Amino acid sequence: MRVLQLNFERGWRGGERQTLLCLQQLRERGIDAQLLARAGEPLAQAARAQGFTVHEAKGVLGACFKLLCIGRGFDVLHAQTANTLSWLAVLKPLLGRLVVFTRRTSFRVTPSKRPRTAMKWRRVDAFVAISEAAAVEPRRLGLNVSIIRSAIEPAALNAGRIAELQQRYALQGRKVVGTSAALTREKDPLTLVRAIHQLRKTIPNIVCLHFGGDGDVSDAARQLVKELGLSQHYVFAGFEQGVEAVYGLFDVFALSSVEEALGSSVLDAFSQNVPVVATRAGGLKESLAEGRGLLCDVGDFRTMAENLAQVLDGADLRAEMTRQAYDYVLREHNVKVMGDRYMALYQAALKQ
């Protein structure tokens, strides 16, 4: 079996990490797995460094041309992102190959976009969602959807880097709330900033360490920190490669997303025995169910602050939450389980 993975995103976020893990798992099972990616971006570089064949293009036209040249040489064309599925939907009659799509978002399809989206999705031979939340919209449009949850490989803690960051941000003797999220509207950092402002009233030594790249609300988030006088309590630490290896810095992990199909950063916290507080956005309510974390409504910074305080003040609560979460992530988000599920999906779809 030959499989071409398609991911043309810039930067490195959860979807790119999952694409690389998928490539690795397929190779372990003897599959010729290759990648079509944007030239010079982290995913292309990481895959090539691990010995994968990477087909690179600088833009969409170049990628589509490359796909037309090489696509028929594969049994499966697996779109890991919505934009690459758009190309496959158009080119499928010319390529004549099995199309698989993994949906990694839980956004609602608006009425104006529904006809085009339905047309595109109906050209998929095997439709995958990473959570029940991500499956809602395609199921509403009558599609058959398989759930294959994102996977993680528990990272070894980087003690040297942790010590360096502790010193840089003067974290000794402070309670640390950590998060890893781009400064975008869907991640809603403003709610977390307000929660930290609320929390500071009862826990004066609190500090939030926010890892993540800039986005469409970067300026607004920084301005709010300034307005609330939180410069010593809310630190924008920027993008950190392999951030999961420094989760040992955190007393609690927080995620204030408005939209979140799954939230792989939460899974990293689970695997590092860091308790989690999050919003009920999309797949987060699935991940944190059954005592694995504390939830609040989207935008509810007061309840988020209360939940953070409850975790920070409750040793027994932290112990039970982290135990439940650790067992869950090893059972449900194991990389080998993910690999097995994709293999079974490919094989079943090819037989149809």
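So the sequence shown is numbered by our numbering: it starts at 1073 and just counts up by one.
Even glycine gets a Cβ: it sits at the ideal position worked out from N, Cα and C.
Bear in mind the structure is a predicted one, so any value in this text is a computation, not a measurement.
Mind checking if residue i is an interface residue toward chain B, Cβ cutoff 8 Å exclusive?
{"i": "A1326", "result": "In the structure shown, chain B does not exist; there is a single protein chain."}
What residue does the alpha helix (DSSP H) around residue i start on, and which one ends it?
{"i": "E1128", "result": "Where E1128 is concerned, there is no enclosing alpha helix (DSSP H), although the beta strand (DSSP E) it sits in stretches over 1126-1129."}
{"i": "V1208", "result": "1204-1212"}
{"i": "T1256", "result": "No alpha helix (DSSP H) holds T1256; DSSP gives it neither H nor E."}
{"i": "V1297", "result": "1290-1299"}
{"i": "A1190", "result": "1186-1193"}
For the beta strand (DSSP E) containing residue i, name the first residue and the last one.
{"i": "D1104", "result": "1104-1110"}
{"i": "R1074", "result": "1074-1079"}
{"i": "V1346", "result": "It is not in any beta strand (DSSP E) - V1346 carries neither H nor E in the DSSP assignment."}
{"i": "I1278", "result": "1278-1283"}
{"i": "A1201", "result": "1198-1201"}
{"i": "S1303", "result": "Where S1303 is concerned, there is no enclosing beta strand (DSSP E), given that its DSSP letter is neither H nor E."}
How is residue i classed by DSSP in three states: helix, strand or coil?
{"i": "K1273", "result": "coil"}
{"i": "N1406", "result": "strand"}
{"i": "Y1067", "result": "The question about residue 1067 has no answer here: the residues shown for the chain are numbered 1073 through 1424."}
{"i": "R1175", "result": "strand"}
{"i": "T1153", "result": "coil"}
{"i": "G1232", "result": "helix"}
{"i": "V1265", "result": "helix"}
{"i": "L1327", "result": "strand"}
{"i": "V1370", "result": "coil"}
{"i": "V1162", "result": "helix"}
{"i": "V1338", "result": "helix"}
{"i": "F1322", "result": "coil"}
{"i": "G1086", "result": "helix"}
{"i": "F1137", "result": "helix"}
{"i": "V1098", "result": "Inspection of the sequence shows that residue 1098 is occupied by Leu rather than by Val. Helix at L1098."}
Going by beta carbon distance, what residues of the same chain come within less than 6 Å of residue i, once the five residues before and after it are set aside?
{"i": "P1226", "result": "S1343"}
{"i": "F1283", "result": "S1252, A1309, E1312, V1315"}
{"i": "R1246", "result": "N1277, V1279"}
Under 8 Å, do residue i and residue j count as touching if we go by C-beta distance?
{"i": "V1200", "j": "T1174", "result": "yes"}
{"i": "V1324", "j": "V1383", "result": "yes"}
{"i": "A1353", "j": "S1329", "result": "yes"}
{"i": "V1297", "j": "S1290", "result": "no"}
{"i": "T1256", "j": "G1371", "result": "no"}
{"i": "Q1270", "j": "F1373", "result": "yes"}
{"i": "A1254", "j": "R1085", "result": "yes"}
{"i": "A1341", "j": "A1198", "result": "no"}
{"i": "A1119", "j": "L1107", "result": "yes"}
{"i": "G1363", "j": "E1404", "result": "no"}
{"i": "A1129", "j": "R1233", "result": "no"}
Counting only the same chain and skipping the five closest in sequence on each side, list residues whose C-beta sits under 7 Å from that of residue i.
{"i": "E1378", "result": "none"}
{"i": "K1164", "result": "V1171, R1195"}
{"i": "G1087", "result": "N1079, E1081, Q1152, T1153, R1176"}
{"i": "K1357", "result": "L1367"}
{"i": "V1027", "result": "Residue 1027 falls outside the range modelled here, since the chain spans only 1073 to 1424, and no answer is possible."}
Cutting at 8 Å between CB atoms, please list the residues of its own chain near residue i, excluding the five before and the five after it.
{"i": "C1094", "result": "Q1077, A1105, H1150, Q1152, M1410, G1411, Y1414"}
{"i": "A1333", "result": "R1175, R1176, T1177, S1178, A1201, I1202, S1203, A1205, A1206, G1354, G1355"}
{"i": "A1326", "result": "V1249, G1250, T1251, L1264, A1267, C1280, V1348, V1349, A1350, M1376, L1380"}
{"i": "Y1398", "result": "F1342, S1343, N1345"}
Would you mind working out which of the options sits nearest residue i, comparing C-alpha positions?
{"i": "Y1319", "options": "V1307, A1293, P1347", "result": "P1347"}
{"i": "R1110", "options": "L1366, A1135, H1305", "result": "A1135"}
{"i": "L1417", "options": "Q1090, G1083, L1098", "result": "L1098"}
{"i": "R1016", "options": "G1335, Q1419, L1108", "result": "In the structure as shown, the chain begins at 1073 and stops at 1424. Residue 1016 is therefore absent and cannot be evaluated."}
{"i": "V1248", "options": "I1268, V1217, D1288", "result": "I1268"}
{"i": "L1321", "options": "Y1241, D1286, L1380, Q1396", "result": "Y1241"}
{"i": "G1145", "options": "L1167, G1131, S1359, N1155", "result": "L1167"}
{"i": "G1301", "options": "D1288, G1214, R1266", "result": "R1266"}
{"i": "V1075", "options": "G1123, G1083, V1148, P1187", "result": "V1148"}
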